[in-house]
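My numbering puts the first residue of the sequence shown at 691, with every later residue one more than the last. We put the beta carbon where it would ideally sit given N, CA and C, even for glycine. Everything below concerns the one structure shown next.
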Amino acid sequence: MPSASVRSTGPPRPHPEARPHTIPGRIGTRPGIEARMRLPHTPGPAIPSPQRHSRPNGRSPPLILVAGENVIDLVPAPGGQLRPTCGGGPANTAVALARRGIPTALVGSVGGDHFGRRVWRRHISAGVRRDWLQRTDLPSTLGLAVVNGDGTARYDYWTTGTADFAWEGRSLPRPDPGTVDLVHFGSLAAYLEPSARIIEHWVNRARGAVPVTFDPNIRLGAMGDAAKVRERTERLAGLSTLVRVSERDLAQLYPDTPVDRVAREWLGLGPELVVVTLGDAGSVAFHRNHTTEMTAPRVDVVDAIGAGDAFTSGLLGWLTSAGWMRLDRLPSWGNPTVVAAALRYASQIAAQACTVPGAP
């Protein structure tokens, strides 16, 4: 089980049982990230059912809107064959949320080919709402995944003329706080036109009404020039309430800058919380009042593809179902105990995903 360590640079006061502590390994020795205290161990919480965390005045359970692409990942299999699996960061996040009982809708497009029908069946099976998932006659987006020795993957994408970025002339859901609790976006659809322009405009409208969360999921090979991608990423981070970004993403955009420096600069752009995942070394959350670290559970990794998406789903699902993902509850994120609980749960979800081929 993971343990949390916290550095608090202001209120709230640390837990009375906190004691000096240093996390061994990469997290505790990263520049600018020091472990100063340790939260007492508590079991990772299960996500409460939405029915027990319905919104005020008896309104319907929370609905998360996830905007972005579906991708068919072509993963090398024994014998030299390619095994097609349904992926795409936003789609994975939506599926993982829905499978755990969090009402979730995917805003996007689906191809009209065999793969598109497979994607559609996946969302039906998971319970993802498809009110704003548009079926098209265009081909599906493909990604060739090359799996590294540590279970992670790098990708080559085929995106030209595919369904996932053809968003012109379509209706998008109104992010009304009476019916929607959260808007989440990111990945290729937030960077490739025309979907990128449409998503940014939609998110800009949503940000004053509901929390907005962003997972860049950087793929420079498909997104283009690093300087332009970095500029766009910073602009989108500035529209967001929470950003979840991987250490690998940051290394592509800021190869010579420490993680903590980038995260704190992003906090100055607008987000309340920046969460950086560090692979098997865990995760660290940056808030203006504290820095909270979480080690990762130790598991036998079978397939790490989609682990970051699983982490994101755990983080958003826990905060939403526990009642903290609301604009009027954002001050609670200044409490390191709340953030540590969210990181602990997300870490467990990501670790579990690594033990199952093809998860989430």
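Alpha carbon to alpha carbon, what distance is there between residue 980 and residue 760?
The alpha-carbon atoms of residue 760 and residue 980 are separated by roughly 35 Å.
Does the distance from the CB of residue 861 to the CB of residue 758 come in under 8 Å?
No. Outside cutoff.
Which residue or residues does DSSP assign as beta-bridge partners of residue 848?
832.
Can you tell me the Cα-Cα spacing of residue 846 and residue 939, whole angstroms?
One C-alpha to the other measures close to 16 Å.
Just the Cα atoms here: how many angstroms apart are residue 957 and residue 781?
Rounded to the nearest angstrom, the two C-alpha atoms are 27 Å apart.
By how many angstroms is the C-alpha of residue 771 removed from the C-alpha of residue 870?
Their Cα atoms are separated by approximately 42 Å.
What's the C-alpha gap between residue 718 and residue 803?
At residue 718, the pLDDT of 35 sits below 50, so the modelled position is not reliable; the number obtained from the coordinates is stated separately. Going from the Cα of residue 718 to the Cα of residue 803 covers about 48 Å.
Would you list the residues sitting across from residue 819 in a DSSP beta bridge?
In DSSP, residue 819 forms a bridge with 795.
For residue 1090 versus residue 888, is the C-beta distance shorter than 8 Å?
Residue 1090 is absent from the structure shown; the chain starts at 691 and stops at 1050.
Bridge partners for residue 824 per DSSP, in chain order?
Answer is 799.
Do you know how far the Cα of residue 797 is from the Cα of residue 737?
Annotation note: pLDDT 38 at residue 737 (below 50); position unreliable, coordinate value reported separately. If you take the alpha carbons of residue 737 and residue 797, they lie about 23 Å apart.
Identify which residue in 812, 824, 834, 791 has its Cα closest to the Cα of residue 800.
Residue 824 is the option with its Cα nearest to residue 800.
Under 8 Å by Cβ, that's how I've got residue 962 and residue 949 pegged, so tell me the actual separation to the nearest angstrom.
Actually they are not in contact, since the Cβ atoms of residue 962 and residue 949 sit about 18 Å apart, beyond 8 Å.
Report the partner residues of residue 936 according to the DSSP bridge assignment.
Paired residue(s): 967.
Per DSSP, what kind of secondary structure is residue 959 in: helix, strand or coil?
Three-state DSSP puts residue 959 in coil, outside helix and strand.
Taking buried to mean at least 16 other C-beta atoms within 10 Å of its own C-beta, is residue 879 buried or exposed?
Residue 879 is buried by the Cβ-count criterion.
Can you tell me whether residue 836 is buried or exposed, with buried defined as 16 or more other CB within 10 angstroms of its CB?
The residue is exposed, with fewer than 16 neighbouring Cβ atoms inside 10 Å.
Please look up how many angstroms separate the CB atoms of residue 875 and residue 904, rounded, as I've assumed it's under 8 Å.
With 8 Å as the limit, residue 875 and residue 904 qualify as a contact, their Cβ atoms being about 6 Å apart.
Tell me whether residue 767 sits in a helix, a strand or coil according to DSSP, three-state version.
Coil.
Tell me whether residue 871 sits in a helix, a strand or coil according to DSSP, three-state version.
Residue 871 falls in the coil class under three-state DSSP.
Pick out the complete alpha helix (DSSP H) segments inside the segment 850-930, 4 residues or longer, and give them in chain order.
Correct list: 885-896, 910-913, 916-928.
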